[in-house]
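Chemist: Under the UniProt record's numbering, think of the first position of the sequence shown as 1, with each following residue one higher.
What follows is a structure written as structure tokens; I'll ask about it next.
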Amino acid sequence: MAKTIRRYSSFRNSRNRRIRSRKSARKIPKGIIHVQASFSNTIVTVTDVGGRVVTSASAGACGFKGKRRGTPFAAQTTTENAIRTVVAQGMHRAVVLIKGVGRGRDAALRAICRSGVRLHFLRDRTPLPHNGCRPPKKRRT
């Protein structure tokens, strides 16, 4: 006569348990929006206060090709795409750091203001040359 194998309830539940997504959507009330606007592209990165990237978007990834990536409309579309996901995760306030001399700076800032995220403060981090590079040494004297 064969012995019956007892199945404990914890074993059965562990097999039939519903598998959830391991990466849960974090609730992010505050964040930092980094905008890099160059002449040829606009990149928008949204991080939490600790500096971990939540989402990012670029004009090239949003479907713009060639010279159109540097336009204000491309910057506006890129910013809206990046912010849409973090607003869904509960972002209310943000610090905006803008870098670069491209044409999309103002359009990106306008898109951030229209998105419903309240700006805590705005900082322009465009690097400025303060005395230029060291010139090359003379070839012959």
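We put the CB at the ideal spot given by N, CA and C, even for glycine.
Please read all numbers here as calculations on a predicted model, not as lab measurements.
#1: What separation, rounded to the nearest whole angstrom, lies between the Cα atoms of Gly-60 and Leu-119?
#2: Please report the distance separating the alpha-carbon of Gly-51 from that of Arg-26.
#3: Can you have a look at Gly-102 and say buried or exposed, based on whether 16 or more other CB atoms are within 10 angstroms of its CB?
#4: Could you pull the start and end residues of the alpha helix (DSSP H) that Phe-73 belongs to?
#5: In the DSSP output, which residue or residues are listed as bridge partners for Ser-58?
#6: Among the residues of its own chain, which have a CB less than 6 angstroms from the CB of Val-35, if the five just before and after it don't count?
#7: Do Ala-111 and Gln-76 count as a contact pair if the criterion is CB distance below 7 angstroms?
#8: Give the straight-line distance between the Cα atoms of Ala-88 and Ala-2, rounded to the nearest whole angstrom.
Modeler: Reading it off the structure:
#1: Your numbering for residue 60 matches position 60 in the sequence shown. Your numbering for residue 119 matches position 119 in the sequence shown. In a straight line, the C-alpha of Gly-60 is about 26 angstroms away from that of Leu-119.
#2: Translated into positions along the sequence shown, residue 51 becomes position 51. Translated into positions along the sequence shown, residue 26 becomes position 26. Their Cα atoms are separated by approximately 14 angstroms.
#3: For the purposes of this step, residue 102 is taken as the residue at position 102 of the sequence shown. Looking at its Cβ environment, which holds 16 or more other Cβ atoms inside 10 Å, Gly-102 is buried.
#4: The residue labelled residue 73 in the question sits at position 73 within the sequence shown. Segment 72-88, the alpha helix (DSSP H) holding Phe-73.
#5: In the sequence shown, counting from the first residue as 1, residue 58 sits at position 58. According to DSSP, which records beta bridges pairwise, Ser-58 is partnered with Ile-43.
#6: Here the question's residue 35 lines up with position 35 in the sequence shown. Excluding positions up to five away in sequence, the list reads Val-44, Ile-98 and Ala-108.
#7: As a first step, residue 76 is located in the sequence shown; it is residue number 76 there, counting from the start. As a first step, residue 111 is located in the sequence shown; it is residue number 111 there, counting from the start. Yes. Within cutoff.
#8: Here residue 88 refers to the residue found at position 88 when the sequence shown is read from its first residue. Here residue 2 refers to the residue found at position 2 when the sequence shown is read from its first residue. Cα to Cα, the separation comes out at about 58 angstroms.
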